[in-house]
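Residue numbers (our numbering): 439 to 739.
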């Protein structure tokens with residue numbers, strides 16, 4: 439029974455990894471990767487000495503490219519904002535839904551909250567334009583007609599655009615991620631709540647001292663995974679919502695790989711940037727796991 443899944447992963451997951459060698463080879467879109475010559479060396483000065491690192495010319499091209507440094511900065515910025523705004527949101531929503539006494543209302547609210555997860559970013563970008571367009575957007579029309587204020591340049595001002603992108607990301611994912619925490623809450627013993635309620639504990643106290651500690655292992659695991667995806671941004675979100683006026687903020691690493699690597703047929707450059715992303719994510723994942731375990735938590739392994 440395991441033979442077919444093993445063959446599937448070997449053929450479609452592990453065998454294609456051989457193309458990671460493109461990061462260390464000259465750019466060639468014709469020959470197979472094993473027949474392409476190795477890239478030139480990267481000459482750097484470290485600790486007062488000239489060092490030549492073989493096959494690293496593609497990484498030198500990426501690191502010395504100003505749009506790459508801009509993409510790294512934007513990727514880190516959005517990752518931090520997504521974690522700060524998006525990680526606690528489903529936990530809070532799950533706690534609130536768990537406290538609802540009306541089961542029918544709870545199910546309706548939960549269904550409505552995770553429906554945006556099934557919308558593509560193309561549809562969401564169309565909704566954003568309809569809502570925040572400076573001239574015809576619903577939100578700006580309300581602001582202008584009701585309050586007499588100037589329209590907010592959400593789609594054209596980079597600072598406002600960042601807030602919109604982060605907010606849409608939280609709106610799209612909060613309901614879906616809430617399902618995980620609600621499932622974890624069901625494993626918390628109701629006898630603990632009954633005993634605490636008999637001792638006079640309020641709902642907020644029971645939520646803080648019983649429910650949250652009960653789902654702490656799940657929170658830690660999802661937080662470690664979130665840290666491990668710091669250098670990986672949502673390609674579809676930024677491609678769908680970007681425009682030329684906010685390009686200084688919309689250029690993240692996946693968009694950089696697509697525009698500067700794949701569109702220009704620079705597959706070696708794209709492979710080098712992709713490998714750089716994965717290595718940084720792996721280091722962050724391992725580091726977060728070690729820190730959590732040393733603080734007394736339960737890591738991924």
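For glycine and all other residues, C-beta sits at the position ideal for the given N, C-alpha and C.
- Taking 8 Å as the cut-off, the Cβ atoms of residue 610 and residue 562 count as close.
- Secondary structure at residue 539: coil, using DSSP grouped into helix, strand and coil.
- In the three-state DSSP reduction, residue 464 falls in the coil class, being neither helix nor strand.
- Residue 489 carries a strand assignment under DSSP once its states are collapsed to helix, strand and coil.
- Minimum Cα-Cα distance from residue 476 among the listed residues 466, 485, 558 and 693 corresponds to 466.
- Burial state of residue 732 is exposed, judged by a 10 Å Cβ sphere holding fewer than 16 other Cβ atoms.
- The three-state secondary structure of residue 739, taken from DSSP, is coil.
- The three-state secondary structure of residue 594, taken from DSSP, is coil.
- A distance of 8 Å or more separates the beta carbons of residue 461 and residue 560.
- A straight-line Cα-Cα distance of about 28 Å links residue 645 and residue 517.
- No Cβ-Cβ contact shorter than 8 Å links residue 708 with residue 720.
- Residue 578 and residue 558 have their C-alpha atoms roughly 24 Å apart.
- Per the coordinates, the alpha-carbon of residue 446 lies some 10 Å from the alpha-carbon of residue 453.
- Taken through DSSP and simplified to helix, strand or coil, residue 481 comes out as strand.
- Residue 490 holds the alpha-carbon nearest to the alpha-carbon of residue 479 among 471, 663 and 490.
- Membership of residue 520 in the alpha helix (DSSP H) is indicated by the continuous run 504-524.
- Under the 8 Å Cβ criterion, the segment 526-535 does not count as touching the segment 506-514, having fewer than three qualifying pairs.
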